[in-house]
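Below: one structure, written as C-alpha cells.
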Amino acid sequence: MSKISVDIEYIKDNLRHIGYEISDCVEKENNGKNWQLKFSNSGSIVSIYDSNNVKSTVVNGKADEEEKTALKFIVDSLKAKELVIDPLNPVIVNIIRSRKEDYFYDFKRIPHGNNEDMLHDILCLANNIENRDAYLILGVADDYSVVGVDKEWKSNNIFDFMRTQQFAGDHMPEIEVKDLFYKYMRIVVIKCKSSKYVPFYLTKRYKGINQNQIYTRLGDTNTPKNESANYSEIERLWRFHFERENE
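Numbering (my numbering), first residue to last: 1 to 247.
Below you can see the structure in the form of C-alpha cells.
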C-alpha cells in the first residue's frame, strides 16, 4: 500500500471554509509526524497523524461529544480526500457571520413545514430586485445561531413539488439544493439562480400563493402572500427579463 501523503494545508483551508477559525497549528514528532490544531471558535483540539490509517484523527478538548464525533469524521474524510467542500460553503459561512438578513438571502431555523411557505420564499428570492443568485439557508435561527438540519431530512420532495406547479411561460425558478457545513453541523441551502426569465409567478393559484401575482424581496422582507410587488419593482424585474432575453 502506498503511503498516504497528508496535505495539512488542504485540511486547514477546508476547515476554514466550513467556519473553523484556526488559532494554532503545531507540527510535532512523537512516534511519527502529527499536527495539532486549535480553534478560536471551538474548544476542540484536533490531532492529525501522518499515517496510512485515515481514521486515526483524534479530537479532544472541551467541545461536546457531538462536535468531536462529527469533526473527526470531517477531518478523516479531508485527509483521505474523500470529502469535497462545496465552493459555496465559505460564501454562506460569511453570510451567517454577517448576522443580518438581506434581499438575496433568508434564514430558516428548520425546513418548511408546508409547501406553500417554501414556494413563497423561493418566488421572493428568485425575483430579488438585483437579479442575482439568492439563498434560502436552512438550519439558522432568528438570532443567527446555527442549529443545523437533521440528517434524516431529504430534499427530493422540493423538486417533485416544484414540477407540479404551473409557472408563467413554463419557466420554473432554477434551484439547487446543497448540503453544506457550518463547522461540524449540516446546513442546507436552496440556491435560487439568477435568471433571464424573471419575474417568476404562478398561472394557477396554490393555496395562499395567488396566480398572476408577482412577489419579490426588498431588504430583509418578502412581499406578503396577499399583496404584490409594487410597480417599480415589477418594472425592474421585467427590464432584467428583456435585457437578458438574447442570452
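Where is the CB? At the ideal position from N, CA and C, for every residue including glycine.
In the DSSP assignment, the residues bridged to Lys33 are Glu29. A straight line joining the alpha-carbon of Ile234 with that of Pro173 spans about 16 Å. DSSP, reduced to helix, strand and coil, places Glu176 within a strand of the structure shown. Between the alpha carbons of Lys28 and Gln36 lies a gap of roughly 8 Å. Around the C-beta of Tyr103, 16 or more other C-beta atoms lie within 10 Å, and the residue is accordingly described as buried. Val146 is the residue among Lys183, Val146 and Asn131 whose C-alpha sits nearest the C-alpha of Leu138. In the structure shown, the three-state DSSP call for Val46 is strand.
A residue is called buried when at least 16 other Cβ atoms come within 10 angstroms of its Cβ; Tyr10 does not meet this threshold and is exposed.
In terms of Cβ geometry, Arg186 and Lys151 form a close pair [threshold 8 Å]. Pairing Val59 with Lys72 gives a Cβ-Cβ distance under 8 Å. In the DSSP assignment, Arg186 falls outside any alpha helix (DSSP H) and lies within the beta strand (DSSP E) extending over Met185 to Cys192.
In this chain, Asn41 is not harboured by any alpha helix (DSSP H), its DSSP state being neither H nor E. Annotation for Tyr10: the continuous alpha helix (DSSP H) segment containing it runs Ile8 to His17. The beta carbon of Glu245 sits closer than 7 Å to the beta carbons of Lys196 from its chain, once the five residues preceding and following it are set aside; these are given in chain order.
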